[in-house]
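Asks: Keeping their order, the protein sequence lines are chains A and B. For the first sequence, my numbering gives the first residue as 1, with consecutive numbering after it. For the second sequence, my numbering gives the first residue as 1001, with consecutive numbering after it. Where a beta carbon is used, it is the ideal one built from N, C-alpha and C, also for glycine.
Number of protein chains: 2
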Amino acid sequence: MNNFVFQNPTKIIFGKGTVSQLFSEINARGVKRLLLTTGSGSVKTSGLYEKVCSQLTGIEVLELSGITPNPKMESIDIGVNICKKNKVDMILAVGGGSVIDGSKAIAAGAVIDENIWDIAERRIEEIVKAVPLACILTLPATGTEMNGNSVISKWDTREKLSLYGPAIYPVFSILDPELTFSIPKTHTTYGNIDIIIHALEQYFTHTPATPLLDRLTEGLVITMVENSIKVLDVPADYDTRANLMFCGTVANNHWIGVGKEHDWASHNIEHELSALYDVPHGAGLAVIYPNWMKYVMQKDPGKFAQFAERVWSVSRSGRKDIDVAQEGVVKMREFFKRIGAPVTLQDLEIDVNDIPHMAKQATRFGPIGGYCKLNTTDVERILEMCNIS
Amino acid sequence: MNNFVFQNPTKIIFGKGTVSQLFSEINARGVKRLLLTTGSGSVKTSGLYEKVCSQLTGIEVLELSGITPNPKMESIDIGVNICKKNKVDMILAVGGGSVIDGSKAIAAGAVIDENIWDIAERRIEEIVKAVPLACILTLPATGTEMNGNSVISKWDTREKLSLYGPAIYPVFSILDPELTFSIPKTHTTYGNIDIIIHALEQYFTHTPATPLLDRLTEGLVITMVENSIKVLDVPADYDTRANLMFCGTVANNHWIGVGKEHDWASHNIEHELSALYDVPHGAGLAVIYPNWMKYVMQKDPGKFAQFAERVWSVSRSGRKDIDVAQEGVVKMREFFKRIGAPVTLQDLEIDVNDIPHMAKQATRFGPIGGYCKLNTTDVERILEMCNIS
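1. Expressed to the nearest angstrom, what Euclidean distance is found between the alpha-carbon atoms of A134 (chain A) and S162 (chain A)?
2. Once the 5 residues before and after L34 (chain A) are set aside, which same chain residues still bring their CB inside 8 angstroms of it?
3. Is it buried or exposed for G1095 (chain B), if we count other Cβ within 10 angstroms and need 16 for buried?
4. What number of angstroms, rounded off, separates the C-alpha of L1345 (chain B) from the C-alpha of C1386 (chain B)?
5. Using the rule of at least 16 other Cβ atoms within 10 Å of the residue's Cβ for burial, across every protein chain shown, is A1236 (chain B) buried or exposed?
6. Check N1003 (chain B) in the structure and name its three-state DSSP category.
7. Note the first and the last residue of the continuous alpha helix (DSSP H) segment covering A1265 (chain B).
8. What residues are listed by DSSP as bridge partners for T37 (chain A)?
9. Would you call the CB atoms of G257 (chain A) and Q202 (chain A) closer than 8 angstroms?
10. I want to verify the contact list: residues of chain B whose CB lies under 7 angstroms from the CB of L216 (chain A), in sequence order.
11. Rounded C-beta distance between D176 (chain A) and V19 (chain A)? I'm assuming under 8 angstroms.
12. For chain B, find out if any of its Cβ atoms is closer than 8 angstroms to the Cβ of D194 (chain A); answer yes or no.
13. Looking at the secondary structure, which residues open and close the alpha helix (DSSP H) in which K337 (chain A) lies?
14. Taking Cβ-Cβ distances shorter than 7 angstroms, what residues in chain D pair up with V250 (chain A)?
15. Here's the rule I'm using: 16 or more other beta-carbon atoms within 10 Å means buried, otherwise exposed. How should T437 (chain A) be labelled?
16. At a CB-CB cut-off below 8 angstroms, which residues of chain A make contact with A1341 (chain B)?
17. What does C247 (chain A) touch in chain B if you count any residue whose Cβ is under 8 angstroms from its own?
18. Could you tell me whether the Cβ of K260 (chain A) comes closer than 8 angstroms to any Cβ of chain B?
19. K1160 (chain B): buried (16+ other C-beta within 10 angstroms of its C-beta) or exposed?
20. Indicate the three-state DSSP secondary structure (helix, strand or coil) for S1075 (chain B) in the structure shown.
21. What separation, rounded to the nearest whole angstrom, lies between the Cα atoms of V279 (chain A) and E1309 (chain B)?
22. Quickly, what does DSSP pair S1153 (chain B) with across the bridge? List them, please.
23. Per DSSP, what kind of secondary structure is S173 (chain A) in: helix, strand or coil?
24. Looking only at its own chain, which residues have a Cβ that is under 6 angstroms from the Cβ of G370 (chain A), when we skip the five neighbours before and after it?
25. Taking only beta-carbon atoms, is F335 (chain A) less than 8 angstroms away from chain B?
26. Take N253 (chain A) as the anchor and find which of B:F1006, B:M1001, B:N1115 has the nearest alpha-carbon.
27. Quick one: what's got a C-beta closer than 8 angstroms to G1259 (chain B)'s C-beta in the same chain, skipping five residues either side?
28. Skipping 5 residues on each side, what residues in its chain have a beta carbon closer than 7 angstroms to that of A275 (chain A)?
29. For V1043 (chain B) versus L1022 (chain B), is the C-beta distance shorter than 8 angstroms?
30. Of all Cβ atoms in chain A, is any one closer than 8 angstroms to the Cβ of I1229 (chain B)?
31. Got a sec, what are the start and stop residues for the alpha helix (DSSP H) A1308 (chain B) sits in?
32. Three Cβ pairs or more, each shorter than 8 angstroms: is that satisfied between the segment 1190-1197 of chain B and the segment 1216-1227 of chain B?
33. When the Cα atoms are used, what is the spatial distance from R29 (chain A) to M146 (chain A)?
34. Please confirm if T1018 (chain B) has its CB atom under 8 angstroms from at least one CB of chain A.
35. Could you tell me the boundaries of the alpha helix (DSSP H) in which L1137 (chain B) lies?
36. Using a Cβ-Cβ cut-off of less than 7 angstroms, list which residues of the segment 150-164 of chain A approach chain B; keep chain order.
See the structure below:
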């Protein structure tokens, strides 16, 4: 186990009817003027928007709606301008990971003179000041509701970059599983895959002696597999949705990944798919991750065999690790198919001629991945494997 | 899963050589005058005391040493007086759970007019103000390094009570596994049992649909069992000690117990053993907990059978839950014996004639336990079972 520092100050307010606690949380922080950010659609049609507004009595509310999946700088720049002109005390993001990530970029951009994209491009600076941000999560997936990360996009140049820092942890996040009952099957599945892959990006590691972290992650993936299947049949079961939502937070609030090397190469590769084709992040990951596993497991298949045994119940008895590991990948892909995820680039309608460009972009800052350093050729090969069903 | 609120602001600084980060952490908080609290003995003989003092250059340091296991009001009152007279900016507790718990009571007592014991006795008030507290942990066990709990004792009346509140979460805790290499076998074992039972007090619950929390706890107990055995043979192995220390924090920082009913009756009962005989907390728990399990599992043995299967590899195939559950308890007691823990009241040199008094004291505020409400007679019966090897 490696040395680590962990601190996560976000207050999680979880459960049925918790939107009704919004007013007291905001009021306790003395908020007078607030920027309310939303996506495009369901928040207004579902009745949530009215519920939220009814909690904001006596507070001056400014609004920015229409933050899209893979949140774009166009929206972020508008939000930053609103904040700068109006000196808001808090940003309240109501939506999924994209609305929250876009709002984090607004929160950080609102207190600096330069454009937040320039900071993201420098890739070294932590965000240490920002307008306080709070969330009401409507789609469990990214874990952004309890971490200091944000992923933002530039549509004109087809680029996607990350921000990180202590100032963009939400001050509080309201998680009501009932708000997720109406998420369509496809997006439920994409969110669930995102959660599973977040956990695995922190699981496959060369850091020795992390037995507790291994078991926490394996437990999380098993829970996700069981509930990702259940939710397709009974989308409005409270406990199923609650467990999926809670897993989403646990998978990416940094706790299961402390003291070890992570990978995240598949996320880097997927960002190029999303940047070029605007595909849902979870859909891109479903295609890439099993192929990343197959590509990197050859050298040291032991951990992949452990994963196959403990999560997918593959027998190890008398078999080589590599065979066990490969059967694990087959079972994971079968599960992805079962829950309706794409498994090839064709399924995502991605032109294979774009592979060299995407590989080059994914590695433009140098080799990627913690478990295995991948150069441009490695990424090309993985993407070529993604072309095979 | 039940509704919950979770917030844990403690900064964990974990790993080899992390005591060297003490100065920058204290300095960043502008501390000018500090109360350094320690136990009696090993901190000074191990060289840690000098290491800590060398990090406190330029800071006025007051001292309180000799805080004992099951920290007593005598020490706490002295600490409170020092703080009140000298207006300290921070308390730095260097030691195990007792030093830290005692220091939490000092931190809370220092900012109020009445005695902190009176607040503990009222059992309803959260501690919302206190002198900021930081820790250097030397014995993993209670999890107090990352929670807002404290257990304190009054030796003259043989009483033990709890405090809880947001103000007594440590602002930071330094956890260096190397500091634990020299803990004697017996105290290593008691600490490890305490960690396991903390996890289980939150595991056995009637709250339905907590699959992730179940698996997190099972993974933690398996990791504890493996490493509690390893450490006896190789007490100075870094990874073993690191995993035990990390498990101690995970077991009781509230994260694995959110959204569900807990039990804690065994802790209540054990507090009476410690209050009357000053036995180590982990030693008392090793005797009580398996008997609590046997006593309460009859009505609803399913969860106990799950525990037996997943943690102790007891086969469930074709067997009744109650039989599987009972075999799990047998295996747990065998493990306790193997790592040198006491298993009966005789092993603790406790007079069985004190059972009625201890049972009465444990239930003096009413029935105890979340999983199963135990009255005085129930507790007497459990303690009588503790008399059988």
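Replies: According to the data block:
1. Going from the Cα of A134 (chain A) to the Cα of S162 (chain A) covers about 19 angstroms.
2. The beta carbon of L34 (chain A) sits closer than 8 angstroms to those of I26, L56, I59, E60, V61, L62, V88, D89, M90, I91, L92, all from its chain and outside the five residues before and after it, given in chain order.
3. If you draw a 10 Å sphere on the C-beta of G1095 (chain B), you find 16 or more other C-beta atoms in it, and that means buried.
4. Pairing L1345 (chain B) with C1386 (chain B), the inter-Cα distance amounts to about 6 angstroms.
5. By the 10 Å Cβ count, A1236 (chain B) comes out exposed.
6. Residue state for N1003 (chain B) is assigned as coil, using DSSP reduced to three classes.
7. That run of the alpha helix (DSSP H) goes 1265-1277.
8. Beta bridge pairing from DSSP links T37 (chain A) with A:L64, A:A93.
9. Between G257 (chain A) and Q202 (chain A), the gap from beta carbon to beta carbon is short of 8 angstroms.
10. Think of a sphere of 7 angstroms around the beta carbon of L216 (chain A): the chain B residues whose beta carbon falls inside it are L1216, G1219, in chain order.
11. With 8 angstroms as the limit, D176 (chain A) and V19 (chain A) qualify as a contact, their Cβ atoms being about 6 angstroms apart.
12. Any Cβ of chain B closer than 8 angstroms to the Cβ of D194 (chain A) would place that residue at the interface, and such an atom is absent.
13. K337 (chain A): member of the alpha helix (DSSP H) spanning 321-338, first to last residue.
14. The structure shown contains no chain D; the protein chains it does contain are A and B.
15. In the structure as shown, chain A starts at 1 and stops at 389, and residue 437 (chain A) therefore has no counterpart that could be examined.
16. Here the premise fails: no neighbours, minimum Cβ distance about 21 angstroms.
17. Within chain B, the residues near C247 (chain A) are L1212.
18. Not one chain B Cβ lies under 8 angstroms of K260 (chain A).
19. Buried, because 16 or more other Cβ atoms sit within 10 Å of the Cβ of K1160 (chain B).
20. In the structure shown, S1075 (chain B) falls within a helical segment according to DSSP collapsed to helix, strand and coil.
21. Going by the C-alpha atoms only, they are around 42 angstroms apart.
22. Paired residue(s): B:K1072, B:K1160.
23. If DSSP states are grouped into helix, strand and coil, S173 (chain A) belongs with the strands.
24. Leaving aside the five residues that flank G370 (chain A) on each side, the residues in its chain whose CB is nearer than 6 angstroms to its CB run, in chain order, E261, H262, D263.
25. No, F335 (chain A) lies away from the interface with chain B (no Cβ there is under 8 angstroms from its Cβ).
26. Looking at the Cα atoms, B:F1006 is the closest of the given residues.
27. Only M1001, N1002, N1003, F1004, T1207, T1210, L1213 meet the Cβ criterion.
28. Counting only residues of its own chain and dropping the five nearest sequence neighbours on each side, A275 (chain A) has a CB closer than 7 angstroms to the CB of S153, R158, E159, K160.
29. Their beta carbons are not under 8 angstroms apart, which means V1043 (chain B) does not touch L1022 (chain B) by this criterion.
30. Residue-level contact by beta carbon fails for I1229 (chain B) and chain A, as no gap is shorter than 8 angstroms.
31. 1302-1312 is the extent of the alpha helix (DSSP H) around A1308 (chain B).
32. Put simply, the segment 1190-1197 of chain B touches the segment 1216-1227 of chain B. At least three CB pairs are less than 8 angstroms apart.
33. For R29 (chain A) and M146 (chain A), the gap between their C-alpha atoms comes out near 19 angstroms.
34. It does; some Cβ of chain A falls within 8 angstroms.
35. Boundaries for L1137 (chain B): no alpha helix (DSSP H) harbours it, while the beta strand (DSSP E) harbouring it runs 1133-1137, taken from the DSSP string.
36. Of all residues in the segment 150-164 of chain A, none has a Cβ within less than 7 angstroms of some Cβ in chain B.
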